[in-house]
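The working numbering applies: residue 9 is where the sequence shown begins, and numbers increase by one.
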Amino acid sequence: MELQSSPGDFLPIIFQMLVALGFVVTTMFVTHKIGPKRVTKDKLTPFESGIEVVGNARSAVSIKYFLVAILFVLFDVEVIFMYPWAVNFRDLGKDGLIEMFIFMATLLAGFIYIIKKGALDWD
């Protein structure tokens, strides 16, 4: 027997989304209306981690910074794929172990490649 879903089945989800959106809008409106409004010179200056702003914000940033950030995210996301494997390790047996070794070898090959290319060197 095939299950049929009707638009009424989605009402609890829509209701929860509306309540969440209403909470956000109400909170922002109320805090904006009843919050303190003291405008001072210090509050109008740009804040950069407690340090006085020096130079132009549009200065060029080395591409190495972005490359390292992207590589970090890439390898970090790859590690996420290991969690389902670890949970199902016993059920997967030897085939799962071999597949994980292939996966890890591929990751290691990519890591060796980026080290040989000098992608992680800051010079």
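Note that beta-carbon positions come from the ideal geometry of N, C-alpha and C, so glycine has one too.
All values reported here derive from a predicted model rather than from experimental measurement.
Check whether the Cβ atoms of residue i and residue j sit closer than 7 Å, and answer yes or no.
i: W130; j: M108; result: no
Between which residues of its own chain and residue i is the CB-CB distance below 7 Å, once the five residues before and five after are set aside?
i: F37; result: none
i: V59; result: Position check: residue 59 holds Ile in this sequence, whereas Val was assumed. Correct list: empty, nothing qualifies.
Assuming the contact rule is C-beta atoms closer than 8 Å, residue i and residue j should be a hit. Round their C-beta distance to whole Å, please.
i: L128; j: E86; result: So it is not a contact: roughly 16 Å between Cβ atoms.
i: L52; j: I122; result: That belief does not hold up - the Cβ atoms of L52 and I122 are roughly 44 Å apart, past 8 Å.
i: F111; j: G104; result: Not really, about 10 Å apart at Cβ, beyond 8 Å.
**Request:** Ignoring anything shorter than 4 residues or poking outside the region 64-126, list the alpha helix (DSSP H) runs there in chain order.
**Result:** 71-88, 90-95, 97-125
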